[in-house]
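A short worksheet on the structure shown next.
Structure representation (structure tokens):
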């Protein structure tokens, strides 16, 4: 009798593990983002969306969207209030301008330093790069996307790596209760950035 119960228990456990679908993700960034979206304590998803969540939809990884950019620092810029999707204002300053090439074309974006990141331990070396492109409203979120860029030397002009494969949606793309900085129109790329997170399709 004990052997029979043991066999039944093993069978049930195996069935549960087989039915449990793993989170999707081909890169550490994708797997980490998917894990945070599945976790109720960190997820921006509404409860009903999180329950059915298996993974975000990503463009296929493309090394053409990992670029080396020339960062020209603007040390005398001051913090200003960047509008958000709510009445809240986000305190940002233009840290500098980045120039880079994607598939042979030249582009330029402003990169920002967020007061919120400066106040968080471990995030002081990151800069905020919001951008718009030709995929917005089609295969990607209409309001544009964000990238967090690690900059080890904040005192001088430098060459930095921008990986558009890590572009992600503002949280308000998943739940309108979130307050998200609105991407400045000046940070528009007249090309399709087919990299990073795609638009979220709600069930």
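In our numbering, the protein residues as written are 26 to 228. Ideal placement from N, C-alpha and C gives every residue a C-beta, glycine not left out.
Endpoints, beta strand (DSSP E) assigned at residue i
{"i": "residue 124", "result": "114-127"}
{"i": "residue 93", "result": "91-98"}
{"i": "residue 153", "result": "151-156"}
{"i": "residue 174", "result": "170-175"}
Beta-carbon proximity check, residue i vs residue j, cutoff 8 Å
{"i": "residue 158", "j": "residue 216", "result": "yes"}
{"i": "residue 10", "j": "residue 91", "result": "Since the first residue of the chain shown is 26 and the last is 228, residue 10 is not available in this structure."}
{"i": "residue 156", "j": "residue 123", "result": "no"}
{"i": "residue 151", "j": "residue 175", "result": "yes"}
{"i": "residue 70", "j": "residue 222", "result": "no"}
{"i": "residue 120", "j": "residue 99", "result": "yes"}
{"i": "residue 96", "j": "residue 163", "result": "no"}
{"i": "residue 89", "j": "residue 128", "result": "yes"}
{"i": "residue 86", "j": "residue 212", "result": "no"}
{"i": "residue 224", "j": "residue 171", "result": "no"}
Residue interval of the alpha helix (DSSP H) (run including residue i)
{"i": "residue 61", "result": "53-63"}
{"i": "residue 73", "result": "72-76"}
{"i": "residue 143", "result": "140-143"}
Residue environment, residue i, which counts as buried when at least 16 other CB atoms sit within 10 Å
{"i": "residue 105", "result": "exposed"}
{"i": "residue 43", "result": "Here the model assigns residue 43 a pLDDT of 39, short of 50, so the residue's position is not dependable and the matter cannot be decided."}
{"i": "residue 77", "result": "exposed"}
{"i": "residue 190", "result": "buried"}
{"i": "residue 200", "result": "exposed"}
{"i": "residue 93", "result": "exposed"}
{"i": "residue 115", "result": "buried"}
{"i": "residue 111", "result": "exposed"}
{"i": "residue 117", "result": "buried"}
{"i": "residue 65", "result": "exposed"}
{"i": "residue 141", "result": "exposed"}
{"i": "residue 53", "result": "exposed"}
{"i": "residue 143", "result": "exposed"}
{"i": "residue 108", "result": "exposed"}
Per DSSP, cross-strand counterpart(s) of residue i
{"i": "residue 109", "result": "206"}
{"i": "residue 183", "result": "96"}
{"i": "residue 134", "result": "123"}
{"i": "residue 193", "result": "171"}
{"i": "residue 229", "result": "The first residue shown for the chain is 26 and the last is 228, placing residue 229 beyond what the model contains."}
{"i": "residue 226", "result": "Residue 226 is not bridged to any residue."}
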